[in-house]
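Each remark here refers to the structure printed beneath this line.
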């Protein structure tokens, strides 16, 4: 029976690793490769830690299996051997304290810059964002204007999105902190350019939510009372899932929205369309209703 | 401890009785408990752009805090003396000093009670302080609505919802035989009409804080004035000299500006004309139904001499307790912190007092077996004192200076 | 707690410590309290930071007096450090750790009263508050 | 009972006085207000095992919904006859909230500190009882109002649907979770009462361990179980008051109109805008200041008990006793400064995030040292593959997984992605169930003879272990993959989102495994009840272990020891070469001095060895 248990404990880590190896084939893995440069760095970090932990896992499990097997052998009726009377080994303790310490310290320090790039305001890619706004979108800008392209306000249980509007000449205005009469609104449908990093203001209207773009590896809580800037960059055009990752009430699972990353022109055209709908003077009512149905 | 006293102490450990060690460890946990409160207070204070620091606004009384500090220090001293007396086997003295401590504890709570009463009187209570002008106006609107609904419910019997009952107020007033009740219903009708006008303006968002304040003041003075010439005027009635302008500090220019603004919107009701002393002044409101069916209200100041007035029936007395509260940004947070910290401190005072009750109840039978009890509850009492030593400057003196 | 067996221990312990004039300590504490009240009285004449520092220093001094003498810590063994040091470190550490998030806002604080306090109304508020208050008093006095 | 010096180990069936009447008398005491630490320990054990079944049932409800969303739920569905047996999303939030609440506050914390802490501490250090027996009894009886409060919260509307973390503003404003009005209040009161109970326990344990050790039981002769309990008590004593304070603030936010955690201007569920100026992040800080150390509260005693059991089962001294103690102290010390890693995506200051990240990564170090030492303990041992040993090996093996997956979320950038996904769920189940509960199962089997004088059935025990282990890994290992696939926690219906649709079969597989695991627990309960009356009689020392508890009768009478035992060595001197036996009781005097030396007087406070751990745990 003891051999059975030895095999039992040796078998399951092998099974675990096997499952992990086949999982990507069944789609039980990341929802696609990271669709943003920062996401790729996060993935790289994930795989690096995965390799380190897998090696440690294999090492410790082999060690465990080994000591179990030798222990089991020692209890055979014909081996009347006493257990090894040892209170430990100073050298071993030092080795297995210092070696992991260096590895852990390496992991801790290695990742700092990814975190800093993601969250420290001074390290945001301001220049690229500025370039997108003034050249790509031809936005008329002062130096003091912020670089947000949209304001996302989470509420139970939807995402409300506010875009800047156009001035009389049809130029895109900067997005102000306070709502403006020219602003454009949409719900659960976030359109943004894919050509450069973009930044949004994240707010909450009621409770805490979390802005989660799985394919882009972006997650940031929307904290009531705070306006949090979030930047990300979609590397290719397309639709991405936008979900809520912080419990926000019974309908938490329903906060389903999408991020549409598109070209600058498509984005501007989308805003113009919003503008047309929103400031439609209501003369041809039937037509506008049809528009909304679409 | 478990062993018999005759045996030498054979257990390992510290040269302390378990009870004292346990008390010290417990005090460690208590320190963390108050750390959470004090830490919360400190970080929220710094995190709020405008903590209310004017003691006139927050009704913090520094003399009360200072006296209480002194009271607690004295009680702490008495406990120490009591403990010493226990050690010296002078149980009578110990009892007396414990009793003194108890008295001071009551004194502490009494002073605390006076402070709390001041806060209650001025509604410096968590959740009840408006922090922007809009909130102040909305709050008074809610209070007025509460008054109207409550009075309606009281005066009009039946199970109908309040808004149905309100429609029936005038009918009821016409039908009732009881003159007293009729007058009450009439009053209610007048107040409701004023309230509805107030509310309409609030929801239209055209009301500034000081205008709202004037409105409420007018409402307080709402009266039905019967004149000698038989006329009856309903409106805000100011019998004495015009009350001193509450907003004198704002200067003429601003007042003028406001005036102009109101004239534009066709409402001249808000600024009382300057009249001589001993003149009665009443704001008359006339409502006319316009062609399109909407009700238009016009206001007009009527100046009366005392001789004109035959009888005054004050309608606004019922709502005189309803005021617009001072706007205190971050006042709720202040009130929350104040009551939380002092409240939990007061609970600890009560617990300490409970601890002292037991030896006090022993009376003249207090003996050596209570020495540990007195020492440990003394330790607890000193801790209560310690907390207050920090609460006093943090709550009363430091705010506004950093 | 009232077991007789403890008495021997605690009394033996009590006998070892020195006589303390508790009344003197009490007077010192009262003087300290007086000083902190004086700080408040002469608010105008002292730099604000000095005032805060002074008041808190007085509070710490009072706390130390109470702990050393009233709570007999002066006469206790080394265990007092073992119990109190971690507590003190944790207590201070918690506040320090809370400060970057709660006391300093890395992200924009978005609340109506922030606009009210910091924005256009800033001066007006101060004034209206004051006048409202006096009016308040007046009304209450009138009744 | 003879004194410790003459105590000979007895194998199998002992001669002394435990007959069925004794056990019945013991059982009767369970229902009474007893101040005996053993009875209180057993009371805690029975209560928590029952609560384990409740918490497990709630978990199965959650699993059912994830595997068969919106299909009629067996058993739980009966509570929702109007929906035709479907559960509502509100009920789903209540299910996972209460599952976590019951498991954390009513199972794991009380089973470790309450049940085993109470039963073992006085026995293992050679005391006759706790320092404050009445306080001890109160700490048990405060559990019942807590259980009542948690129970009551079920019956108010939607129940407390805010997760066990109960983040404001959701939990602070009743309108935010319609129907949770009084439920959330009762829930918070329940947490507070559990806190009071734990607080009384922890002060008691610390005093007992510091002051009531038998002569000769120096700090470094204490079994690791005692070290675990001691450090746990310290963690509880200094972290829990902060949560209690925060709990009071949250209650008053809900009930009294204060605004510590409610910012102003929030329009919640079309109610009036909130008034206030508080900060929701404050709760998260205060909550995790306790609840992160609580994770170690839920782990350290199990680590200690597993160390004791492994040494005994392998007939071998613990490998690196002092490193084990130091790493426990280090875990506790670091455990106080890592709470922020629960808030990496919460909008915390990035600088604070970096600090917390480094401390979090470093806490893996003492955990690693412990794992290596456990493997070292088995290395060269002579293990008997009994239920106790199997559970202990499972503990080590599962803890490795839980510990390693922790490194992923310690890395903030990776945590940005996996935060609040099933990866987190996988991680903490591997630590709390995989490690702690397997340790507890082992401990139940190991100390059952001491509690009741009879052994638990080996065959049933092994079946229970086998099925639980399979079911456990089948349930929780795939959760890592769900997390990597980006499935957020607490979703009543993840398949609403297209990118999660292909995870349904895996969820169904996990649910089946969870049912298997749930079924296996009935074997444990049956074994427990059966062995109570029919189990093989155990003598004083059925495992031939060294600890002080094994020189007391099984079950120990009131006062535990006939005479105060004297301790001559540490508890792990198994297989010493100079002896014929492979064990060496702590109370057995050295051969060189047959006459026991008079016990050493108390050490002076300056040499008080407690300093080493309290100091570093700050």
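Protein chains in written order, with the working numbering: chain S, 143 to 436; chain F, 110 to 511; chain L, 3 to 145; chain D, 14 to 631.
Each residue gets a CB set at the ideal place from its N, CA and C atoms; glycine is no exception.
Note down, in chain order, every chain L residue with its Cβ under 7 Å from the Cβ of residue i.
i             : result
residue 151/F : 97
residue 156/F : 104, 105, 107
Who pairs with residue i in a beta bridge, going by DSSP?
i             : result
residue 99/F  : Here chain F has residues from 110 to 511 only, and residue 99/F is not among them.
residue 48/L  : BP columns for residue 48/L are empty, so no partner.
residue 111/L : 368/S
residue 467/D : 550/D
residue 544/D : DSSP lists no partner for residue 544/D.
residue 301/S : 296/S
residue 257/D : For residue 257/D, which the question treats as bridged, DSSP gives no partner whatsoever.
residue 344/F : 332/F, 393/F
residue 380/S : 403/S
Apart from the five residues on each side of it in sequence, which residues of its chain come closer than 7 Å, Cβ to Cβ, to residue i?
i             : result
residue 341/D : 240, 241, 244, 313, 316
residue 185/D : 263, 266, 267, 274, 275
residue 402/D : 326, 396
residue 23/D  : Residue placement at residue 23/D cannot be trusted, given a pLDDT of 38 that sits under 50; what the coordinates show is reported in the next sentence. Correct list, in chain order: 552, 553, 554.
residue 151/S : 206, 207, 210
residue 165/F : none
residue 505/D : 78, 102, 105
Under 8 Å Cβ-Cβ, which residues of chain D neighbour residue i?
i             : result
residue 293/F : Under the 8 Å cutoff, chain D gives no residues; its nearest Cβ is about 31 Å from residue 293/F.
Excluding the 5 residues flanking residue i on each side, which residues of the same chain have their C-beta closer than 6 Å to its C-beta?
i             : result
residue 292/S : 303, 305, 342
residue 373/F : The predicted model places residue 373/F with a pLDDT of 39, which falls under 50 and marks its position as unreliable; any figure quoted below should be read in that light. Cβ neighbours of residue 373/F beyond the five flanking positions: none.
residue 346/S : 296, 364, 366
residue 6/L   : Note on residue 6/L: pLDDT 33, under 50, position unreliable in the model; the coordinate value appears next. Same-chain partners within the cutoff: there are none.
residue 11/D  : Residue 11/D lies beyond the range of chain D shown here (14 to 631); nothing can be said about it.
residue 507/D : 500, 513
residue 428/D : 357, 422
Take residue i and list the residues in its own chain whose beta-carbon comes closer than 8 Å to its own, dropping the five residues that flank it on each side.
i             : result
residue 134/D : 50, 140, 143, 218, 221, 222, 239, 242
residue 167/D : 107, 111, 196
residue 379/D : 339, 340, 341, 343, 344, 347
residue 397/S : 296, 299, 300, 301, 351, 385, 386, 390
Closer than 8 Å by beta-carbon distance: list the chain L residues that pair up with residue i, in chain order.
i             : result
residue 362/D : 102, 103, 106, 108
I want to verify the contact list: residues of chain F whose CB lies under 9 Å from the CB of residue i, in sequence order.
i            : result
residue 50/L : 509, 510, 511
residue 76/L : Correct list: empty, because the minimum Cβ distance to chain F is about 13 Å.
Starting from the beta carbon of residue i, find every residue of chain D whose beta carbon is closer than 7 Å, and list them in chain order.
i             : result
residue 113/L : 276, 277, 278, 290
Can you name the residues of chain F whose CB is closer than 7 Å to the CB of residue i?
i            : result
residue 47/L : Per Cβ cutoff of 7 Å: no residues; residue 47/L is ~13 Å from chain F at best.
Below 8 Å, can you find three or more Cβ-Cβ pairs linking the region 349-364 of chain S to the region 253-267 of chain D?
-> no
contact_flag[the region 401-413 of chain D, the region 355-363 of chain D] where n(CB pairs < 8 Å) is 3 or more | no
Are there three or more Cβ pairs, one per stretch, closer than 8 Å when the region 483-490 of chain D is compared with the region 514-534 of chain D?
-> yes
Pull out every residue of the region 81-93 of chain L whose Cβ sits closer than 7 Å to any Cβ of chain D, in chain order.
-> 81, 84, 87, 88, 89, 91, 92
Do the region 322-342 of chain D and the region 361-375 of chain D touch if we need at least three Cβ pairs shorter than 8 Å?
-> no
Could you list the residues in the region 26-43 of chain L with a C-beta less than 7 Å from some C-beta on chain F, going in chain order?
-> 28, 31, 32, 35, 38, 39, 41, 42
What residues in the region 388-411 of chain D bring their beta carbon closer than 7 Å to a beta carbon of chain S?
-> 388, 389, 391, 392, 393, 394, 395, 396, 397, 398, 403, 406, 409, 410
Contact residues within the region 235-255 of chain S, judged by C-beta distance below 7 Å to chain D = 235, 238, 239, 242, 243, 246, 249, 250, 253, 254
Does the region 451-466 of chain F touch the region 205-221 of chain F, meaning 3 or more C-beta pairs lie closer than 8 Å?
-> yes
Would you list, in chain order, the members of the region 478-499 of chain D that have their beta-carbon closer than 9 Å to a beta-carbon of chain F?
-> none
Chain S contacts from the region 96-119 of chain D (Cβ-Cβ distance under 7 Å) = 102, 103, 106
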